[in-house]
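Report on one structure; see the data block that follows.
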């Protein structure tokens, strides 16, 4: 544990850096992310992640203890904590946490994976990581602009991004990794694929595209199997990406007899 | 079609009222909602809803035609359109639309329903309505504070709230309606229910509770069946409400052999 002393000035260099970490680019450069609120900070700590700095505001915490230890701990004013936080309710605690380092080379063995291609919103990616964890996926591979350590992604994942391996990589690198691992790419398409109840999920990487545009030709061509969720006629023409992932991943989990993990 | 003349002042009485319609209370009082953007406005029109007022900004529309007719049509400046819109990208068009009037008494016949209890966020409710439509539900019953005609709910539903009957009512009224219709209440619980693959979905109303607190004792006691989605151990302790709805509703659709609708 480090020192406890109150920081009151927003021009303090630590606070200036903290504010910068609201930007994805700065988080990536430093290899860290922000955890906000009691539950999130405690889950990051419980998951074994390294908390570099812990910022607490006793006035906001109102006597609640933070069950997490950090290399350095600082007290800050309510104004500073709220300014540094991304969300409206940081609950008096904020942590700078080292990002877990996963790469394609060191991912665990596993028979079921989710590949999120070009997911538009961080919250959707976080929700899909949560669902992937619940369905027993060994990990998630993500391509595209969205940062899985965006505060909205972390929140929507309810901390699943702390434990489940999530790797961001280029499309071609992910496809090559699947070939090497002998995983079959199963690409979700709104129409024209095999009905999802008739698909084999043996050693499967389920590929979910961006909501508006769907998967591009590269992914459709690379896939061993295209799969479609038949829908009721009329009212809507597609499911959202997170709902598609939920239906397919739990169908795959059933295919494995619920024995994964 | 009404008159075309440009409104330039934010103190114009129509614009003042338009701004008020950003509030749920004012929308309910007037029985209308706001549709924003080309796709949403055109879908509301195509669904047969009554467009009372259409606000267009030619500069923002950039020559695109709005395939929708309204009782009255007004041109407005970019500043006014952006001020009146809830979202960041209203695309130069905004409509005041009469809410479809559904009540428990006039809902259609149907064997599969979704009951959303105390859903916290409008976007989640909208996503669930979209999923319910895709799964072939006859309609959605909602209790709790969330307004299904909130702009975020409409957007997440991709217009499903325009076509699928959605009724907001009190818990007891919904339970009584299900009894009268001989529908079985199937309540989703994170643990302790029958595995969802073993449940009969004959004449089913699937009840999804609020994410943080889950269903209260009243709903659990009223349910003919409690159902649980078995999850992989460890990383997360529950699915989010929309993912739970997706897995259960498509399991129910499979149970019916995909024949609904």
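Residue numbers (our numbering), protein chains in the order written: chain A, 1 to 261; chain B, 1 to 261. Each residue gets a CB set at the ideal place from its N, CA and C atoms; glycine is no exception. For clarity, every value in this text was computed on a predicted model and none was experimentally measured.
In the structure shown, what three-state DSSP assignment does residue i receive?
i: residue 65(B); result: coil
i: residue 73(B); result: strand
i: residue 108(B); result: coil
i: residue 199(A); result: coil
i: residue 34(B); result: strand
i: residue 41(A); result: helix
i: residue 80(B); result: helix
i: residue 87(B); result: coil
i: residue 58(B); result: helix
i: residue 100(A); result: coil
i: residue 2(B); result: Note that residue 2(B) scores 47 on pLDDT, short of 50, meaning its location in the model is unreliable and no value can be drawn from it.
i: residue 7(A); result: strand
i: residue 47(A); result: coil
i: residue 261(A); result: For residue 261(A), the predicted structure reports a pLDDT of 43, less than 50, and the residue's modelled location is therefore unreliable. The matter cannot be settled from this model.
i: residue 233(A); result: coil
i: residue 94(B); result: strand
i: residue 226(A); result: strand
i: residue 21(B); result: coil
i: residue 120(B); result: coil
i: residue 249(B); result: helix
i: residue 114(B); result: strand
What separation, rounded to the nearest whole angstrom, lies between the Cα atoms of residue i and residue j?
i: residue 206(B); j: residue 202(A); result: 31 Å
i: residue 276(B); j: residue 199(B); result: With chain B covering 1 to 261 only, the question about residue 276(B) has no answer from this structure.
i: residue 114(A); j: residue 134(B); result: 22 Å
i: residue 192(A); j: residue 59(A); result: 58 Å
i: residue 67(A); j: residue 234(B); result: 19 Å
i: residue 176(B); j: residue 169(B); result: 11 Å
i: residue 243(B); j: residue 241(A); result: 10 Å
i: residue 140(A); j: residue 106(A); result: 13 Å
i: residue 121(A); j: residue 188(B); result: 27 Å
i: residue 45(B); j: residue 96(B); result: 11 Å
i: residue 247(A); j: residue 250(B); result: 7 Å
i: residue 1(A); j: residue 49(A); result: Reliability of the predicted coordinates at residue 1(A) is poor, the pLDDT of 44 falling under 50, and the value obtained from them is presented with this limitation in mind. One C-alpha to the other measures close to 15 Å.
i: residue 92(B); j: residue 238(A); result: 25 Å
i: residue 261(A); j: residue 132(A); result: Low local confidence applies: a pLDDT of 43 at residue 261(A) is under 50, so the model's placement there is unreliable, and no value is given.
i: residue 82(B); j: residue 12(B); result: 15 Å
i: residue 16(B); j: residue 77(B); result: 14 Å
i: residue 216(A); j: residue 208(A); result: 11 Å
i: residue 102(B); j: residue 29(B); result: 16 Å
i: residue 179(B); j: residue 31(B); result: 29 Å
i: residue 80(B); j: residue 7(B); result: 8 Å
i: residue 85(A); j: residue 70(B); result: 44 Å
i: residue 40(B); j: residue 155(B); result: 8 Å
i: residue 89(B); j: residue 26(A); result: 27 Å
i: residue 108(B); j: residue 182(A); result: 49 Å
i: residue 221(B); j: residue 98(B); result: 37 Å
i: residue 21(A); j: residue 256(B); result: 50 Å
i: residue 18(B); j: residue 61(B); result: 19 Å
i: residue 173(B); j: residue 10(A); result: 53 Å
Checking contacts by CB at 8 Å: is residue i closer than that to chain D?
i: residue 130(A); result: Among the protein chains in the structure shown, which are A and B, there is no chain D.
Are the CB atoms of residue j and residue i within a distance shorter than 8 Å?
i: residue 42(A); j: residue 56(A); result: no
i: residue 36(A); j: residue 151(A); result: yes
i: residue 128(B); j: residue 138(B); result: no
i: residue 162(A); j: residue 47(A); result: yes
i: residue 153(A); j: residue 136(B); result: no
i: residue 94(B); j: residue 34(B); result: yes
i: residue 228(A); j: residue 196(A); result: yes
i: residue 164(B); j: residue 252(B); result: no
i: residue 72(A); j: residue 38(A); result: no
i: residue 166(B); j: residue 142(B); result: yes
i: residue 224(A); j: residue 185(A); result: yes
i: residue 118(B); j: residue 144(B); result: yes
i: residue 226(B); j: residue 171(B); result: no
Q.
As an exercise, report each continuous beta strand (DSSP E) stretch of at least 3 residues that is fully enclosed by the region 137 to 214 of chain B, in chain order.
A. For secondary structure counted as the beta strand (DSSP E) over 3 or more consecutive residues, the region 137 to 214 of chain B holds these complete runs in sequence order: 139 to 143, 166 to 168, 184 to 188 and 204 to 208.
Q. For the region 231 to 245 of chain B, which residues have a beta carbon sitting closer than 9 Å to at least one beta carbon of chain A?
A. For the region 231 to 245 of chain B, the beta-carbon criterion of a distance under 9 Å to any beta-carbon of chain A is satisfied by 231, 232, 233, 234, 235, 236, 237, 238, 239, 240, 242, 243, 244 and 245.
Q) Relative to chain B, which residues along the region 185 to 218 of chain A have a C-beta separation below 7 Å, given in chain order? A) Under the 7 Å Cβ criterion, the region 185 to 218 of chain A contributes 197.
Q) Going along the chain, which residues of the region 102 to 128 of chain A sit with their C-beta nearer than 7 Å to a C-beta in chain B? A) Listed by position along the chain: 127.
Q) Closer than 7 Å, Cβ to any Cβ of chain A: which residues of the region 130 to 157 of chain B, in chain order? A) Close to chain A, meaning a Cβ-Cβ distance shorter than 7 Å, are the following residues of the region 130 to 157 of chain B: 130, 131, 133, 134, 135 and 136.
Q: Determine which residues of the region 69 to 97 of chain A have a Cβ less than 8 Å from any Cβ of chain B, and write them out in chain order.
A: If the cut-off is 8 Å between Cβ atoms, the region 69 to 97 of chain A has nothing near chain B.
(Q) Against chain A, which members of the region 28 to 56 of chain B pass a CB distance test of less than 8 Å? (A) From the region 28 to 56 of chain B, no residue has a Cβ closer than 8 Å to chain A.
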